[in-house]
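Student: Just so you know, we're using full-length UniProt numbering here: the sequence shown kicks off at 7 and counts up by one. Every residue, glycine too, gets a C-beta built ideally from N, C-alpha and C. Dumping the structure here so I can ask a few things about it.
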Amino acid sequence: TDPPPWVLVDRWLDGVLPAPDAVVAAQRTADGAGLPPIAVSTQQGRLLALLAASIGARRALEVGTLAGVSAVWLARALRGPDPVLTTFELSEHHAAVARENLAAAGLTDVVEVRVGPALEGLARLAAERPEPYDLAFIDADKPGNTAYLHAALALLRPGGLVVVDNVVRGGTVLDPGADAAARGSRAVIEAVAAHDRLTATVVQTVGSKGYDGMLVARLDV
Ligand code: SAM
């Protein structure tokens, strides 16, 4: 059977609005290393980069590095002196592939990959009292979403953005009985809605990665 139209459209879009060479190379290395094919798609990467660029982001946080595909998108979009992406990854193996990809992309000086459970890493980072971050991208274990949201908010400047990936999950976000990932996605949407300083939306998406969605929230000034 033919692929669904949104897959064909994504393939066409990826030709018209392609990923930069550094992202293509990073994805190829990830595939060669046998990492799961769960990085952001080209159009999703473009959205992340656009969001970062449109707020003039200089410092970004990421939870869930995998092979560094979204990290390359984000790091390339940062502007200003001393751009920084701090990214957290549980798996030593994933982090090693990411570091290789970031080096190949010439981004070693911009991106710091911190290995270990992200919640602990975020607490350690907060204790370092870093300069505030402009944008946080949350894309790791989904049951952790709400804890990552709150940890990221503590590091974010007013006017900063939090983006959470995979919050629709083929519609299972409507079914709390589905699995822990669906519950984690539902919980983070409800947490954002209950927060008195966040303005948010969920963009439902279809494409090469199926039916899903991205939460985008802004910390009010
Ligand atoms: N953001 C990446 C991209 O688009 O290129 C994809 C990230 S992938 C969906 C999720 C990653 O989160 C995996 O590499 C996984 O090992 C990592 N992860 C899972 N649990 C984690 C945790 N507790 N702390 C940090 N990373 C975690």
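For the beta strand (DSSP E) holding Ala206, just list the boundary residues, first then last.
Tutor: Taking the sequence shown and counting its residues from 1, the one referred to as residue 206 is at position 200. Residues Leu204 to Gly213.
Student: Could you pull the start and end residues of the beta strand (DSSP E) that Glu196 belongs to?
Tutor: In the sequence shown, the residue the question calls residue 196 occupies position 190. Unbroken run through Glu196 is the alpha helix (DSSP H), Ala186 to Ala200; no beta strand (DSSP E).
Student: Residues in its own chain within less than 7 Å of Val29 by CB, not counting five upstream and five downstream?
Tutor: Locating residue 29 in the sequence shown gives position 23, counting from the first residue. Correct list, in chain order: Gly51, Val75, Val78 and Trp79.
Student: Taking its Cβ as the centre, do 16 or more other Cβ atoms sit within 10 Å of Leu56, making it buried, or is it exposed?
Tutor: Against the sequence shown, residue 56 aligns to sequence position 50. Per the 10 Å Cβ criterion, exposed.
Student: Would Ala158 and Ala124 qualify as a contact pair, given that the criterion is a beta-carbon distance under 7 Å?
Tutor: Counting from one through the sequence shown, the residue named residue 158 turns up at place 152. Counting from one through the sequence shown, the residue named residue 124 turns up at place 118. Cβ atoms of Ala158 and Ala124: not closer than 7 Å.
Student: Tell me whether Gly219, by its Cβ, gets closer than 6 Å to a heavy atom of the ligand FMN.
Tutor: Of the ligands this structure carries, namely the ligand SAM, none is the ligand FMN.
Student: Given a threshold of 16 other Cβ atoms within 10 Å of its Cβ, counted over all protein chains shown, does Leu23 qualify as buried or as exposed?
Tutor: Indexing the sequence shown from 1 puts residue 23 at position 17. The residue in question, Leu23, is exposed, as its Cβ has fewer than 16 Cβ neighbours within 10 Å.
Student: Does the separation of the CB atoms of Gly166 and Asp16 fall below 7 Å?
Tutor: The residue given as residue 166 occupies position 160 in the sequence shown. The residue given as residue 16 occupies position 10 in the sequence shown. The answer is no: Cβ separation not under 7 Å.
Student: Mapping DSSP to helix, strand and coil, what is Pro123?
Tutor: For this step, residue 123 is matched to residue 117 along the sequence shown. Three-state DSSP puts Pro123 in coil, outside helix and strand.
Student: Rounded to whole angstroms, what's the CA-CA distance from Gly127 to Ala101? Just pull it up for me.
Tutor: Stepping through the sequence shown from its first residue, residue 127 is reached at position 121. Stepping through the sequence shown from its first residue, residue 101 is reached at position 95. Whole-angstrom Cα-Cα distance: 14 Å.
Student: Going by DSSP in three states, Leu113 sits in which element: helix, strand or coil?
Tutor: Looking up residue 113 in the sequence shown gives position 107. Here Leu113 sits in coil by DSSP.
Student: To the nearest angstrom, how far is the alpha carbon of Val173 from that of Ala81?
Tutor: Residue mapping note: residue 173 aligns to position 167 of the sequence shown, counting from 1. Residue mapping note: residue 81 aligns to position 75 of the sequence shown, counting from 1. Going by the C-alpha atoms only, they are around 23 Å apart.
Student: Ends of the beta strand (DSSP E) at Leu72?
Tutor: Walking along the sequence shown from the start, residue 72 turns up at place 66. Premise fails: Leu72 is in no beta strand (DSSP E) and is neither H nor E.
Student: Take Pro10 as the anchor and find which of Tyr217, Ala73 and Asn151 has the nearest alpha-carbon.
Tutor: Reading the sequence shown from its first residue, position 4 is the one you call residue 10. It is Tyr217 whose Cα lies nearest to the Cα of Pro10.
Student: Give the secondary structure of Gly62 by DSSP, where H, G and I count as helix, E and B as strand, and everything else as coil.
Tutor: Stepping through the sequence shown from its first residue, residue 62 is reached at position 56. The answer is coil: DSSP assigns Gly62 none of H, G, I, E or B.
Student: Please go through the same chain and pick out, in chain order, the residues whose beta-carbon is closer than 7 Å to the beta-carbon of Leu225, but skip the five residues on each side of it.
Tutor: Translated into the one-based positions of the sequence shown, residue 225 becomes position 219. Closer than 7 Å at Cβ, skipping near neighbours: Leu159, Leu162, Pro164, Gly165, Gly166, Arg203 and Leu204.
Student: Quick one: give me the first and last residue of the beta strand (DSSP E) that Thr93 is part of.
Tutor: Counting from one through the sequence shown, the residue named residue 93 turns up at place 87. Element bounds for Thr93: Val90 to Glu95.
Student: Taking 7 Å as the cut-off, decide whether the C-beta atoms of Leu84 and Ala63 are in contact.
Tutor: Mapped onto the sequence shown, residue 84 falls at position 78. Mapped onto the sequence shown, residue 63 falls at position 57. Against a cut-off of 7 Å, the Cβ pair of Ala63 and Leu84 comes out as a contact.
Student: So is the beta-carbon of Ala199 under 6 Å away from any non-hydrogen atom of the ligand SAM?
Tutor: One-based indexing of the sequence shown puts residue 199 at position 193. Not under cutoff, so the answer is no.
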